[in-house]
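Peer 1: Below is a structure I'd like to ask you about.
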């Protein structure tokens, strides 16, 4: 049987603690072990690897060149184990954990305010939501679903369009100065808040008007639509945002629609499901709930 060169968890923990504290005594106190137990683990690890991980000078431990190389990877392994343990603990008494990757602004402005309804309907499902701007690699990441724009579809994944992306112009009520709506000239007289990850949106809005792009692209820049909603609410200028994301701010009166015109981008907000998760009961339950909420 070939000798194993794979360190044990105890050995990695002893090594990482010794690297942090510089002595086996302090490492032992951190790990709630005896000093001799930490010394044994460290000695066994160095024997296993056939290399000195520390230089020992006057009872102090200083990382050797090999130890420096090994430390970052050892800490990453320990971190991965901790994250895996916490992921398993997240199940608690739940039947399942629903792991979602969602566009940040859609999550904050539309999805999260409604999630209490799903939890009430499915109390045995625990939620784990991550904000993502880029497509999810379902082969490498343990997400059950993603809510993205339709162009973020993945090979082998099922894409269900939820709602077309339509942009509207929103403003703080006091910027309207008593007017029910603003024409293009009035829009251009106010600061136009820019979306830095989609910098051509205002150009698309004014495409048929022949206006000077240098005027259109002036304004503070933000990289999420929900930041634009906040800036518009603070009176910093006009926001050009997806109608579905602005629903809450409009309903509360924080913002008003500055013009009835809408601009369709040709994209959709979409539910993206990897093949492995399509038939899972907790995923199906969320899909049904999401369809109902979108259609409400």
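In UniProt numbering, the protein residues as written are 1 to 296. Ideal Cβ placement from N, Cα and C applies to all residues, glycine included. Since the structure is predicted, the reported quantities are computational estimates derived from the model, not experimental observations.
To the nearest angstrom, report how far apart residue 295 and residue 168 are at their CA atoms.
Peer 2: Counted from its first residue, the chain shown places residue 295 at position 295. Counted from its first residue, the chain shown places residue 168 at position 168. If I take the Cα positions, the gap works out to 19 Å.
Peer 1: Could you tell me which uninterrupted alpha helix (DSSP H) segments, each at least 4 residues in length, are contained entirely in the region 237 to 264, listed from first to last along the chain?
Peer 2: Within the region 237 to 264, the complete alpha helix (DSSP H) runs of at least 4 residues are 243 to 252.
Peer 1: From the DSSP secondary-structure annotation, give me the bridge partner or partners of residue 308.
Peer 2: Residue 308 is absent from the structure shown; the chain starts at 1 and stops at 296.
Peer 1: Below 8 Å, how does it come out for the region 110 to 118 and the region 61 to 78: are there three or more Cβ pairs, yes or no?
Peer 2: Because the criterion of three Cβ pairs below 8 Å is not met, the region 110 to 118 and the region 61 to 78 do not touch.
Peer 1: Determine which residues share a DSSP beta bridge with residue 116 and list them.
Peer 2: Residue numbering aside, residue 116 sits at position 116 when the chain shown is read from its first letter. DSSP output for residue 116 lists no bridge partner at all.
Peer 1: So, under 8 Å CB-CB, residue 107 and residue 129 are touching, yes? Tell me the CB distance rounded to an integer number of Å.
Peer 2: Here residue 107 refers to the residue found at position 107 of the chain shown. Here residue 129 refers to the residue found at position 129 of the chain shown. At roughly 6 Å, the Cβ-Cβ gap stays under 8 Å, so residue 107 and residue 129 are in contact.
Peer 1: Which term fits residue 144, buried or exposed, when burial requires 16 or more other beta carbons within 10 angstroms of its beta carbon?
Peer 2: Working through the chain shown from its first residue, we reach residue 144 at position 144. Buried, because 16 or more other Cβ atoms sit within 10 Å of the Cβ of residue 144.
Peer 1: On the CB-based measure, 16 or more other CB atoms within 10 Å of its CB, does residue 47 come out buried or exposed?
Peer 2: Counting from 1 along the chain shown, the entry for residue 47 is found at position 47. Residue 47 is exposed by the Cβ-count criterion.
Peer 1: Among residues of its own chain, excluding the 5 on either side of residue 5, which ones have a beta-carbon nearer than 8 Å to its beta-carbon?
Peer 2: Taking the chain shown and counting its residues from 1, one reaches residue 5 at position 5. Once the five neighbours on either side are set aside, the close Cβ partners of residue 5 are 48 and 49.
Peer 1: Between the region 155 to 173 and the region 224 to 234, do three or more beta carbon pairs fall short of 8 Å?
Peer 2: These segments touch.
Peer 1: Could you tell me which of 223, 224 and 185 sits nearest to residue 212, measuring between CA atoms?
Peer 2: By one-based count along the chain shown, residue 212 stands at place 212. Comparing Cα-Cα distances from residue 212 to each of 223, 224 and 185, the minimum goes to 185.
Peer 1: Assuming contact is defined by CB atoms lying nearer than 7 Å, are residue 220 and residue 240 in contact in what I supplied?
Peer 2: Here residue 220 corresponds to residue number 220 of the chain shown, with the count starting at 1. Here residue 240 corresponds to residue number 240 of the chain shown, with the count starting at 1. Contact: no.
Peer 1: In whole angstroms, what is the alpha-carbon distance linking residue 60 and residue 22?
Peer 2: Locating residue 60 in the chain shown gives position 60, where the first residue counts as 1. Locating residue 22 in the chain shown gives position 22, where the first residue counts as 1. Using only the alpha carbons, I get a separation of about 6 Å.
Peer 1: If you draw a straight line from the alpha carbon of residue 74 to that of residue 83, how long is it in whole angstroms?
Peer 2: Taking the chain shown and counting its residues from 1, one reaches residue 74 at position 74. Taking the chain shown and counting its residues from 1, one reaches residue 83 at position 83. Spanning the two alpha carbons is a distance of roughly 14 Å.
Peer 1: Give me the residue from 104, 142, 62 and 178 with the minimum Cα distance to residue 197.
Peer 2: Taking the chain shown and counting its residues from 1, the one referred to as residue 197 is at position 197. Answer by Cα proximity: 104.
Peer 1: Which residues bound the beta strand (DSSP E) around residue 54?
Peer 2: For the purposes of this step, residue 54 is identified with residue 54 of the chain shown, where counting begins at 1. Residues 54 to 57.
Peer 1: With residue 202 and residue 217 assumed to form a contact (beta carbons below 8 Å), what rounded beta-carbon distance in angstroms separates them?
Peer 2: Taking the first residue of the chain shown as 1, we reach residue 202 at position 202. Taking the first residue of the chain shown as 1, we reach residue 217 at position 217. So it is a contact: roughly 7 Å between Cβ atoms.
Peer 1: Starting from the C-beta of residue 293, find all residues in its chain whose C-beta is less than 6 Å away, skip the five residues before and the five after it, and write them out in chain order.
Peer 2: If you number the chain shown from 1, residue 293 lands on position 293. Cβ neighbours of residue 293 beyond the five flanking positions: 114.
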